[in-house]
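The structure appears below as structure tokens.
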Amino acid sequence: MTRILIIEDERAIRIALEDDFIAEGYQVDSANTGNVGLQKGSEQNYDIILLDIMLPEMDGFGVLKELRKRNVQTPIIMLTAKNLEIDKILGLEFGADDYVTKPFSPRELQARVKALLRRVNIKRDYLLKLNSHLEK
Ligand code: CA
Numbered sequence: 007m008t009r010i011l012i013i014e015d016e017r018a019i020r021i022a023l024e025d026d027f028i029a030e031g032y033q034v035d036s037a038n039t040g041n042v043g044l045q046k047g048s049e050q051n052y053d054i055i056l057l058d059i060m061l062p063e064m065d066g067f068g069v070l071k072e073l074r075k076r077n078v079q080t081p082i083i084m085l086t087a088k089n090l091e092i093d094k095i096l097g098l099e100f101g102a103d104d105y106v107t108k109p110f111s112p113r114e115l116q117a118r119v120k121a122l123l124r125r126v127n128i129k130r131d132y133l134l135k136l137n138s139h140l141e142k
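Plus 6 on top of the position in the sequence shown (first one is 1) and you've got the numbering used here.
Laid out in structure tokens, this is it:
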């Protein structure tokens with residue numbers, strides 16, 4: 007089962023996302039602050055993390071930077087309310103894999119998540135093949 011962590015402080019959005027991903031068959035966990043999100047994201051294994059930017063305590067960029075610093079390689083999609091180019095660039099430079107701009111449609115987000123998981127799996131398979139080839 008695919009495990010997803012949703013880090014989002016806005017209750018209505020968080021619950022809608024939880025419901026959507028549960029309905030799609032994901033195992034869903036969530037956090038409503040940056041600190042809790044960072045803790046869960048670094049202590050548990052997820053297949054993908056959805057990370058809001060505007061969060062209490064520690065913002066999404068702080069969480070992203072800290073996760074990557076702790077060598078957490080989980081694919082991350084940033085959720086941003088600001089449609090500013092700088093945010094997108096910063097998010098990607100800090101090690102995010104994709105972003106969606108709010109308001110987003112649940113269908114678009116699902117598609118982005120699936121596409122990202124597919125990319126990650128293709129890369130993983132390729133590296134596994136490469137390793138077994140090199141070991142021969
Ligand atoms: Ca927020």
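Beta carbons: idealized from backbone N, C-alpha and C, even for Gly.
Determine the closest residue to residue 101 out of 12, 116, 83 and 107, with distance taken between C-alpha atoms.
-> Position 95 of the sequence shown, counting from 1, holds the residue named residue 101. When each option's Cα is compared against that of residue 101, the closest is 83.
Whose beta carbon lies closer than 6 Å to any heavy atom of ligand 1, going through the chain in order?
-> 15, 16, 58, 60 and 61
Going by DSSP, what residues sit across from residue 107 in a beta bridge?
-> Position 101 of the sequence shown, counted from the first residue, corresponds to residue 107. In the DSSP output, where bridge partners are listed per residue, residue 107 has 86.
Using a Cβ-Cβ cut-off of 8 Å (strictly less than) and excluding sequence neighbours within five positions of residue 118, which residues of its own chain qualify?
-> On the sequence shown, position 112 is the one that residue 118 refers to. These residues qualify, in order along the chain: 83, 104 and 106.
Pick from 81, 135 and 93: whose alpha carbon is nearest that of residue 146?
-> Because the chain is modelled from 7 through 142, residue 146 falls outside the range shown and cannot be assessed.
To which residues of the same chain is residue 64 closer than 6 Å at the C-beta, ignoring the five residues directly before and after it?
-> Along the sequence shown, one-based indexing puts residue 64 at 58. Hits under 6 Å: 40 and 41.
Leaving out the 5 sequence neighbours to the left and right, which residues in its chain are closer than 8 Å to residue 31 when beta-carbon positions are compared?
-> Looking up residue 31 in the sequence shown gives position 25. Result list for residue 31: 7 and 8, in chain order.
Would DSSP call residue 56 helix, strand or coil?
-> Numbered from its first residue, the sequence shown carries residue 56 at position 50. DSSP places residue 56 in strand when its eight states are reduced to three.
Beta-carbon proximity check, residue 44 vs residue 73, cutoff 8 Å | Taking the first residue of the sequence shown as position 1, residue 44 is located at position 38. Taking the first residue of the sequence shown as position 1, residue 73 is located at position 67. Cβ distance < 8 Å, so residue 44 and residue 73 count as in contact.
Could you check the C-alpha separation between residue 122 and residue 54 for me, to the nearest Å?
-> Along the sequence shown, read from residue 1 onward, the residue named residue 122 stands at position 116. Along the sequence shown, read from residue 1 onward, the residue named residue 54 stands at position 48. Approximately 9 Å between the Cα atoms of the pair.
According to DSSP, residues forming a beta bridge with residue 9 | On the sequence shown, residue 9 is found 3 positions in, with the first residue counted as 1. Answer is 33.
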